[in-house]
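Peer 1: My questions will all concern the structure given below.
In the numbering used here, the protein residues as written are 95 to 228.
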């Protein structure tokens, strides 16, 4: 028995801890990482077209809203909606969203990769905790 080994942790007592992760688990983790990377890549590539579509749809809705305001509230209401310059607001919101979305996708991808890499270690830790609770 080793000096650092407790008398109750021998393999004969059934308290053996796994020290290595099996190669199959690492292969599964690599497949999951490839899948996660492809999902992140598709999101990264599709971010600009989706944001452009949303900005175009919002501009169409606002222009239709100006027509509705003019119909229901008269010419002054329509001019007021046009004066506010909501299309400028939409283009500013589009610019802000396009600056934030792509870096956010990269950050979320990186956090997911770290989580997938740590998954076997976390599973071993949770296995020990559950084993102690029994």
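Positions of the beta carbon are idealized from the N, C-alpha and C atoms, including for glycine.
Quick one: residues in its chain with C-beta nearer than 8 Å to the C-beta of residue 161, no 5 flanking neighbours on either side, listed in chain order?
Peer 2: Around residue 161: 172.
Peer 1: Under 7 Å between the Cβ atoms of residue 145 and residue 217?
Peer 2: No, they are not a contact pair.
Peer 1: How big is the Cα-Cα spacing for residue 154 and residue 169?
Peer 2: About 19 Å.
Peer 1: If residue 212 sits next to residue 127, beta carbons under 8 Å apart, how far is it from one beta carbon to the other, in whole angstroms?
Peer 2: That pair is no contact at about 12 Å.
Peer 1: Out of 224, 228, 227 and 210, point me to the one whose CA is closest to residue 121's CA.
Peer 2: It is 210.
Peer 1: Cutting at 7 Å between CB atoms, please list the residues of its own chain near residue 152, excluding the five before and the five after it.
Peer 2: Excluding residues within five positions, the ones whose Cβ falls inside 7 Å are 184.
Peer 1: Going by other Cβ atoms of all chains shown within 10 Å of its Cβ, with 16 needed for buried, is residue 125 buried or exposed?
Peer 2: Exposed, by the Cβ-count rule.
Peer 1: Can you tell me which of 205, 222, 223 and 214 puts its alpha carbon nearest to the alpha carbon of residue 117?
Peer 2: Closest by alpha carbon: 214.
Peer 1: Kindly indicate which three-state DSSP category residue 169 falls into: helix, strand or coil?
Peer 2: It is helical.
Peer 1: Near residue 119, what residues of its chain come up, given a Cβ to Cβ distance below 8 Å and the 5 sequence neighbours on each side ignored?
Peer 2: Only 214 meet the Cβ criterion.
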